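Residue numbers (our numbering): 4 to 84. Only one structure is covered here, and it is reproduced in the block below.
Printed below as a string of structure tokens:
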């Protein structure tokens, strides 16, 4: 099985900086697991786009998968509100 490269866009990196300590650890672990399985159980494809979303606790992660390059690009990390 080939691992995917996880790329964190500037907007998502900025949002990561404001996560509370324990939430930050959980989200980072979840991002690392995307390199192994970019479409884990619980991920949903967003309608009309080539993006997916997963939840980690109260946080939502929006990302896309590029199969040719074997990359996962993280676009947003936001509170579910």
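Every residue gets a Cβ at the ideal spot worked out from N, C-alpha and C, and that includes glycine. Nothing here was measured: the structure is a model prediction, and the numbers come from that model.
query                                                                                  : result
In DSSP terms, what residue 79 is bridged to                                           : 65
Closest residue to residue 54 among 32, 70 and 36 (Cα-Cα distance)                     : 70
Bridge partners - residue 58, DSSP secondary structure assignment                      : 63
Closest by C-alpha distance to residue 64, when choosing among 8, 19, 7 and 6          : 19
Integer-rounded CB distance, given that residue 9 should sit under 8 Å from residue 57 : At roughly 13 Å, the Cβ-Cβ gap does not stay under 8 Å, so residue 57 and residue 9 are not in contact.
Bridge partners - residue 11, DSSP secondary structure assignment                      : 77
Secondary structure of residue 47, DSSP reduced to three states                        : strand
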